[in-house]
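>
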Amino acid sequence: MAERRFHLLQSPQQGQILLKRTFASDVYLSKVFSFRRSALLASLLALSACIAPQPKLYQTDTTSKTAAADTTKSVSKAPPLAPVPPIPNKTAQELRAQFLSGEIEIQILVNVGESFPALGKRILHHPEDWHLLPLPPSSTTASYVKVPFAFLNYAYKKRALLQIFPNDTETDTSWVHVVTYPSETWSSTAEIFCEEVDYTDLLLQENGFEEEDDFRLGQVVKIPARLLHESLRRHPLVVTLPAPEAKPTPSEPVTPPAKPLHSQDPELKLAARAGKVYGMYRLKRGEALYSAVVVRFTGRVDADEVNQIARELMRVNGIADASKIPIGAEIKIPLELIDEALLGEEPPKVSIAPAPRRGRSVHVILDAGHGGKDPGTIMRDLREDEIAFDLMRRIQDGLTSKNVRVHPLVSRNGKTEMSNGHTRKPARHEYVNVTPAYYIEDGRIGLNLRIYLVDAIYRKLLREGVAAEDIIFMSIHLDHLHPSVGGTMIYIPGANERAAKFKAGEDIFEKYQESRDRTIFFAAKENRQAESASWAFSQSVISALRKAKLPVHAYKPVRKYVYRGGKKWTPGIIRYNRVPTAVLIEAANFSNPSDQKRIRTPQFRQQLANAVVQAIVAEK
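If you're matching positions, the sequence shown starts at 0 in numbering that gives the first Met the number 0 and goes up one per residue.
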């Protein structure tokens with residue numbers, strides 16, 4: 000049974016007591032009770048007076064007093080902050096926001112008799128995600144529910160941010176943030192406003208900084224609209240397309256493309272319409288615009304981008320209702336929206352990796368994404384880091400039983416027990432196995448240390464005489480994509496997506512043996528071989544999953560990049576990885592109801608781990 004803690008607080012409204020119930024699973028709900036009997040009210044008020052006063056639900060931080068004192072010394076020259084303006088009772092009652100350990104926590108008041116679809120329409124960026132909200136404690140009284148900040152729409156996100164950061168301002172082109180708490184970092188700012196920690200470097204560049212260490216109270220951080228999450232943009236960005244052209248006349252001949260284009264998907268035809276090239280596809284029975292067109296032909300899988308492009312395709316094709324497109328309807332896709340991997344004069348060529356040697360000893364460098372204070376995606380009561388760690392341990396045990404050498408990147412404080420994937424109390428203790436071990440307090444630092452650790456293990460194995468083609472790297476994650484996307488996906492390092500070198504310059508990396516004064520260099524020839532070897536191994540994993548009758552992504556289960564924010568993006572753990580065979584497995588999509596139902600069961604996770612083990616053992 001979950002541990003319960005109760006706190007009695009005096010309500011802003013006269014004659015009410017706030018009873019706050021906290022569960023050990025970190026899911027807490029609060030409920031307001033009105034008591035008419037004066038005797039009972041007096042007793043409860045007397046009891047509440049014995050309890051330490053609770054912090055306000057705005058302008059809060061859990062940073063220790065010592066840390067706060069140290070920070071105050073280091074930022075004594077920072078400009079003073081303006082006093083926090085009082086928040087109207089109505090706003091405070093309907094929305095409660097607080098900043099805790101670099102994260103935002105939100106409580107929303109659910110009105111009496113308000114249905115969940117109605118609540119979703121009122122507060123969510125994607126109203127159709129109402130089924131992902133936690134159940135309120137009662138449907139007959141006004142009750143509070145805890146809602147992830149990332150789920151909120153523009154209006155509620157803005158209200159929450161201005162409660163927590165009262166000195167922030169918004170313009171037509173950016174959000175201007177003023178650092179208010181000692182525990183804020185560049186990474187936490189990127190996660191809150193961009194909802195993507197990997198945008199940290201872009202924020203640094205936009206604000207003229209090179210190192211993350213330069214972050215102080217009172218500092219002004221400008222977040223351009225193009226980096227803001229779609230739900231935080233005052234004027235949502237739309238896909239920019241050329242204005243429609245008039246029909247060509249005999250005096251205005253159609254100019255063909257400079258180079259002939261070819262579609263790698265035989266069902267996508269390229270044709271000119273009104274002087275412009277489109278991809279043309281006819282919908283089949285049972286197909287939807289989102290999955291059968293957007294996901295399949297544009298390469299987009301992020302929920303916001305899929306919805307955005309679907310709206311643009313509806314405009315281009317004159318579609319009023321995406322659910323009522325007739326079978327056989329021809330859908331026009333502007334050329335600039337088509338995934339570039341589907342276009343070309345001929346199928347892309349990659350160099351051939353060295354032929355595998357049978358009977359060899361295979362080494363696997365194994366990673367579980369996120370961990371520690373970086374939980375990754377949280378969906379209902381499931382955490383990405385818990386599921387990923389559980390899958391990693393199952394794969395590790397399976398490989399060890401087959402005499403495959405495994406080198407794990409992360410550990411859990413010496414403990415090896417499996418996780419059920421749910422939220423846990425007390426806090427987890429995941430470490431990156433560098434020297435000395437790093438408790439994952441910051442996701443970005445944890446990622447960079449993983450990159451250095453992979454390279455250190457790889458170089459050590461090469462010195463011991465292990466052939467490069469006998470080393471495999473694998474990182475386990477779970478995705479949070481458009482609900483129409485389901486099944487396992489695998490990312491590999493594309494040769495063209497790599498930089499020439501990698502170096503993390505912050506002082507903290509001098510503390511660890513693997514990252515101390517280290518720069519990782521990448522050779523073009525090795526990059527091409529890595530793309531080829533990783534592609535071949537990924538196909539083996541996909542074949543093993545299909546043979547085990549486990550779901551894989553329908554259209555393109557192996558990818559070199561993902562589109563994010565209109566740009567191509569490759570996960571850093573494989574982008575900056577010199578191991579010739581390197582893959583990142585997105586085991587399931589938390590947003591897909593079927594995937595979520597499957598991945599929460601130990602039986603399915605064991606089946607998935609067995610299939611991955613089988614694919615690796617086949618390489619021996």
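Virtual Cβ for every residue (Gly too), placed ideally from N, Cα, C. Model, not experiment: these values are computed from the prediction.
(1) Kindly indicate which three-state DSSP category residue 491 falls into: helix, strand or coil?
(2) With residue 596 as the anchor, note down where its alpha helix (DSSP H) starts and where it stops.
(3) Keeping to the same chain, check which residues put their C-beta closer than 7 Å to that of residue 560; ignore five residues upstream and five downstream.
(4) Hey, residue 453 and residue 408: beta-carbon distance below 8 Å or not?
(5) Kindly indicate the opening and closing residues of the beta strand (DSSP E) around residue 514.
(6) Could you pull the start and end residues of the beta strand (DSSP E) that residue 560 belongs to?
(7) Assuming contact is defined by CB atoms lying nearer than 8 Å, are residue 330 and residue 267 in contact in what I supplied?
(8) Using the C-alpha atoms, what's the distance from residue 533 back to residue 398?
(9) Rounded C-beta distance between residue 141 and residue 110? I'm assuming under 8 Å.
(10) For residue 578, collect the residues of the same chain with a Cβ closer than 6 Å to its Cβ; drop the 5 residues on either side in sequence, then sort them by chain order.
(11) Could you pull the start and end residues of the alpha helix (DSSP H) that residue 612 belongs to?
(12) Which residue marks the beginning of the beta strand (DSSP E) containing residue 143, and which one marks its end?
(13) Spatial neighbours of residue 288 within its chain, please: CB distance less than 8 Å, with the 5 preceding and 5 following residues excluded, ordered by chain position.
(14) For residue 338, which option in 209, 450, 261, 574 has the closest C-alpha, if you only look at C-alpha atoms?
(15) Below 7 Å CB to CB, which residues in the same chain sit around residue 604 once its five sequence neighbours on both sides are set aside?
(16) Compare the Cα-Cα distances from residue 117 to each of 107, 124, 129, 583 and report the closest residue.
(17) Give the range of the alpha helix (DSSP H) segment to which residue 318 is assigned.
(18) Whose CA, out of 95, 126, 145, 203, lies closest to the CA of residue 157?
(19) Using 8 Å as the Cβ pair cut-off and three pairs as the minimum, do the region 482-493 and the region 548-562 touch?
(20) Please confirm whether residue 365 and residue 405 have their CB atoms less than 8 Å apart.
(21) From residue 508 to residue 387, what does the alpha carbon distance come to, in whole angstroms?
(22) Taking 8 Å as the cut-off, decide whether the C-beta atoms of residue 511 and residue 434 are in contact.
(23) Pull the bridge partners of residue 97 from the DSSP assignment, please.
(24) For residue 352, count neighbouring Cβ atoms within 10 angstroms of its own Cβ and tell me buried if that reaches 16, exposed if not.
(25) Quick check on residue 640: buried or exposed, where buried means 16 or more other Cβ atoms within 10 Å of its Cβ?
(26) Below 8 Å on the Cβ atoms is my guess for residue 187 versus residue 222; work out the distance and round it to an integer in Å.
(27) Put residue 57 into one of helix, strand or coil per three-state DSSP.
Let me spell this out:
(1) Position 492 of the sequence shown, counted from the first residue, corresponds to residue 491. DSSP places residue 491 in coil when its eight states are reduced to three.
(2) Within the sequence shown, the letter at position 597 stands for residue 596. Counting along the chain, the alpha helix (DSSP H) containing residue 596 begins and ends at 592-598.
(3) Looking up residue 560 in the sequence shown gives position 561. If we look at residue 560 and ignore the five residues flanking it on each side, its Cβ neighbours are 493, 496, 567, 568, 569.
(4) Taking the sequence shown and counting its residues from 1, one reaches residue 453 at position 454. Taking the sequence shown and counting its residues from 1, one reaches residue 408 at position 409. Contact flag set, yes.
(5) For the purposes of this step, residue 514 is identified with residue 515 of the sequence shown, where counting begins at 1. From DSSP, residue 514 is part of no beta strand (DSSP E); its letter is neither H nor E.
(6) For this step, residue 560 is matched to residue 561 along the sequence shown. Residue 560 -> no beta strand (DSSP E), and no H or E assigned at all.
(7) To locate residue 330, count along the sequence shown from 1; it is residue 331. To locate residue 267, count along the sequence shown from 1; it is residue 268. Going by C-beta atoms, residue 330 is not nearer than 8 Å to residue 267.
(8) Taking the first residue of the sequence shown as position 1, residue 398 is located at position 399. Taking the first residue of the sequence shown as position 1, residue 533 is located at position 534. In this structure, the straight-line span from the alpha carbon of residue 398 to that of residue 533 is close to 19 Å.
(9) Your numbering for residue 141 matches position 142 in the sequence shown. Your numbering for residue 110 matches position 111 in the sequence shown. Between residue 110 and residue 141 the Cβ distance is about 6 Å, and since that is below 8 Å, they are a contact.
(10) Here residue 578 corresponds to residue number 579 of the sequence shown, with the count starting at 1. Within the same chain, residue 578 has close Cβ partners 457, 470, 472.
(11) Working through the sequence shown from its first residue, we reach residue 612 at position 613. Unbroken alpha helix (DSSP H) run through residue 612: 601-616.
(12) Indexing the sequence shown from 1 puts residue 143 at position 144. In this chain, the beta strand (DSSP E) harbouring residue 143 covers 142-145.
(13) Residue 288 sits at position 289 when you count from the first residue of the sequence shown. Same-chain partners within the cutoff: 282, 309, 312, 313, 318, 321, 324, 330.
(14) Working through the sequence shown from its first residue, we reach residue 338 at position 339. It is 261.
(15) The residue labelled residue 604 in the question sits at position 605 within the sequence shown. Only 389, 390, 393, 598 meet the Cβ criterion.
(16) Within the sequence shown, residue 117 is the residue found at index 118, counting from 1. Out of 107, 124, 129, 583, 129 has the C-alpha closest to the C-alpha of residue 117.
(17) As a working mapping, residue 318 is identified with position 319 in the sequence shown. For residue 318, there is no enclosing alpha helix (DSSP H), as DSSP marks it with neither H nor E.
(18) Within the sequence shown, residue 157 is the residue found at index 158, counting from 1. Cα-wise, what sits closest to residue 157 is 95.
(19) Under the 8 Å Cβ criterion, the region 482-493 counts as touching the region 548-562, having at least three qualifying pairs.
(20) To locate residue 365, count along the sequence shown from 1; it is residue 366. To locate residue 405, count along the sequence shown from 1; it is residue 406. Residue 365 places its beta carbon less than 8 Å from that of residue 405.
(21) Position 509 of the sequence shown, counted from the start, is the residue given in the question as residue 508. Position 388 of the sequence shown, counted from the start, is the residue given in the question as residue 387. About 25 Å.
(22) Along the sequence shown, one-based indexing puts residue 511 at 512. Along the sequence shown, one-based indexing puts residue 434 at 435. Contact flag set, yes.
(23) Within the sequence shown, numbered from 1, the residue matching residue 97 stands at position 98. Paired residues: 104.
(24) Stepping through the sequence shown from its first residue, residue 352 is reached at position 353. With a pLDDT of 47 at residue 352, under the threshold of 50, the modelled position of this residue cannot be trusted; read the value that follows with caution. Buried: at least 16 other Cβ atoms inside 10 Å.
(25) In the structure displayed, the chain extends from 0 to 619; residue 640 sits before or after that span and is not available.
(26) If you number the sequence shown from 1, residue 187 lands on position 188. If you number the sequence shown from 1, residue 222 lands on position 223. By a beta-carbon distance limit of 8 Å, residue 187 does not contact residue 222. Their separation comes to about 13 Å.
(27) Reading the sequence shown from its first residue, position 58 is the one you call residue 57. Reliability fails at residue 57, whose pLDDT of 37 lies under 50, so the model's placement of it is uncertain and the value that follows must be treated cautiously. Coil, per DSSP.
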